[in-house]
Amino acid sequence: MEESINSHLITYLQEKHSNNIDNLTYMMNTIYGIHVKQEKDLFLFKYGITNVDWSEPISRECRGIICRYHNNNWSIVSRPFDKFFNQHEIHCSVHDPDVFNDNIKMMTFYDKADGSLIQVWYDNMQKQWRISSSGCITTKNAYDSEKTFEQIFRETLVGKFEKLAERLDKNFTYLFELCTDENHIVSFYNTNRVYLLSIRNTQTGEYKNKTQLRYAWLNMTDIYPLDISHHLDIGNNNTLSDIINYVNNDYHIEGVTYPEGIVVYLENIPVAKIKRQDYLKIFKIVNAGNEKSSKKTIIATIINQNFDDIEGFLTDKQKEYANKKKHFFRKHINIVFNDIKDIQGDYATQKDFALSVQEKFIGLNMWMRFCFKNKKMVEQGLITEKMLFEYMQNNLEKFVNYSKDW
């Protein structure tokens, strides 16, 4: 197994969880605000919506990074981008205009695609290339679509993924942006697209430079016409103020309505996002809509653990509502978890079990269904809060619509 270097997460995991992973999920969530999703020997680490300490390098690494635990050793198997912030956010490394301006000559600027991050990585155990999102090792359904992100990704590539994979280097993680009607956010694309965003050495974390990235892209385009985030010529825009003005007034992408904005790179590393004001306004309207739709969007992002993607764009009233909902969901999950623990035990008949469930969850049909579906685990006391949260995610639309009745 290759050694993963330049990773604060791997250092922590080796020091604290090389011999025992029983309390891994609890410790990562308690100390860093990081959620852990496990599939056998694979673990995906993703920051949550609350209690995240962005000053911790470990927290910033956990943007969907996937690690393997094997023979008491941890290694990275897929390495997406580390967390980087909107330029105006305080945790952004170039938040200060003077710092930004001092480094502007060394910066490069690229289109920011508005879609879903797809990470493609080679599984040395299964001896195959795999497709993951930033939130799931095995991808789940895209929003309201009946298809998973992997299915949409493969369909957009018109069945050419295996051919493309033959051109990929197994030592690297390939980062794509999936922009289709089925995972639409704000920007409208005249065709469904897959963008090659970046290529990152899975173990060292180093990024391919723009020349290497373009060469790798060209090496794939004879198989499928992938898009690539274009390197932007900023001309005489020599200050942060100039760049912001350029993004809002002159920047455009051919075939895209309401483009999101740009990504700022420094020494091949993405350090900031600068988004168009019209995009942000449309985001609030299209992705949130009227007050009812806005509330549904907020609830969905809280359940789906991507609330931080919209938090900076909300009005004060929406933030107040979101804070109440975050508190509500934390409290609600805790209550449901304890109620399910109370149901634990041996039941003489199915009817006895059903009566016990109905007594606890009268009026909460979704949780009744959960208990009936997981009867043995409920009886044995094996249900975890993580399972409850994932159940909500897997039934997102129902819970979003249902939540107003809780």
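For the record, in the sequence shown the residue sitting at position 64 is 68 according to the working numbering, with numbers rising by one throughout. All residues carry an ideal CB built from backbone N, CA and C; glycine is no exception. Keep in mind it's a predicted model, so treat the numbers as computed, not measured.
Three-state secondary structure assigned by DSSP to residue i
i      : result
Asn310 : coil
Tyr126 : strand
Tyr228 : coil
Cys71  : strand
Cys375 : helix
Phe88  : coil
Tyr51  : strand
Glu154 : helix
Tyr262 : coil
Ala292 : With a pLDDT of 47 at Ala292, under the threshold of 50, the predicted position of this residue should be treated as unreliable, though the coordinate-derived value follows. Ala292 falls in the coil class under three-state DSSP.
Arg134 : strand
Leu35  : Looking at the sequence provided, one finds Ile at residue 35 rather than Leu. Helix.
Thr301 : helix
Lys41  : strand
Glu389 : helix
Lys279 : strand
Ser11  : coil
Ile25  : coil
Asp106 : helix
Glu181 : strand
Phe97  : Per the sequence shown, residue 97 should be read as Ser rather than Phe. In the structure shown, Ser97 sits in coil (DSSP, three-state: anything other than H, G, I, E or B).
Leu400 : helix
Lys144 : coil
Lys164 : coil
Val267 : strand
Distance, residue j Cα to residue i Cα
i      : j      : result
Ile169 : Thr184 : Looking at the sequence shown, residue 169 is not Ile but Ala. Going from the Cα of Ala169 to the Cα of Thr184 covers about 21 Å.
Glu401 : Asn308 : 11 Å
Gly52  : Ile25  : 20 Å
Thr296 : Thr305 : Per the sequence shown, residue 296 should be read as Lys rather than Thr. One C-alpha to the other measures close to 15 Å.
Lys323 : Ile303 : 12 Å
Lys144 : Gly367 : 28 Å
Glu159 : Asp45  : 28 Å
Glu394 : Ile141 : 13 Å
Asn241 : Asn249 : 9 Å
Leu217 : His188 : 26 Å
Lys277 : Lys167 : 33 Å
Gln155 : Asn310 : 21 Å
Trp133 : Ser97  : 34 Å
Ile135 : Ala358 : 40 Å
Ile232 : Glu271 : 19 Å
Lys377 : Leu392 : 12 Å
Ser226 : Gln123 : For the sequence presented, residue 226 should be read as Asp rather than Ser. Cα to Cα, the separation comes out at about 21 Å.
Lys109 : Met31  : 42 Å
Phe153 : Leu121 : 9 Å
Gln354 : Ile203 : 54 Å
Met396 : Asn55  : 21 Å
Leu179 : Tyr211 : 11 Å
Asn128 : Tyr228 : 25 Å
Leu13  : Phe341 : 29 Å
Asp246 : Asn27  : 49 Å
His39  : Lys50  : 5 Å
Lys345 : Gly385 : 6 Å
Pro61  : Asp356 : 51 Å
Proximity below 8 Å, CB of residue i to CB of residue j
i      : j      : result
Ser11  : Glu65  : yes
Ile69  : Ser82  : yes
Asn175 : Thr215 : no
Phe113 : Ile238 : yes
Leu230 : Val198 : yes
Pro263 : Tyr255 : yes
Met370 : Val361 : no
Glu186 : Lys151 : yes
Cys375 : Ile339 : no
Lys116 : Ile266 : yes
Ile337 : Glu389 : yes
Val404 : Lys300 : yes
Asp343 : Lys364 : yes
Lys87  : Arg67  : yes
Neighbour-count burial assignment, residue i, 16 or more Cβ in a 10 Å radius
i      : result
His235 : exposed
Gln130 : exposed
Val162 : exposed
Val190 : buried
Pro84  : buried
Gln91  : buried
Leu17  : buried
Ala326 : buried
Tyr126 : buried
Pro101 : exposed
Asp173 : exposed
Asp282 : exposed
Arg280 : buried
Ala352 : exposed
In chain order, each beta strand (DSSP E) run of at least 3 residues that lies wholly inside the region 187–254: 197–205
Those runs of the alpha helix (DSSP H) which lie wholly inside the region 339–372 and span at least 4 residues: 354–364, all fully within the region 339–372.
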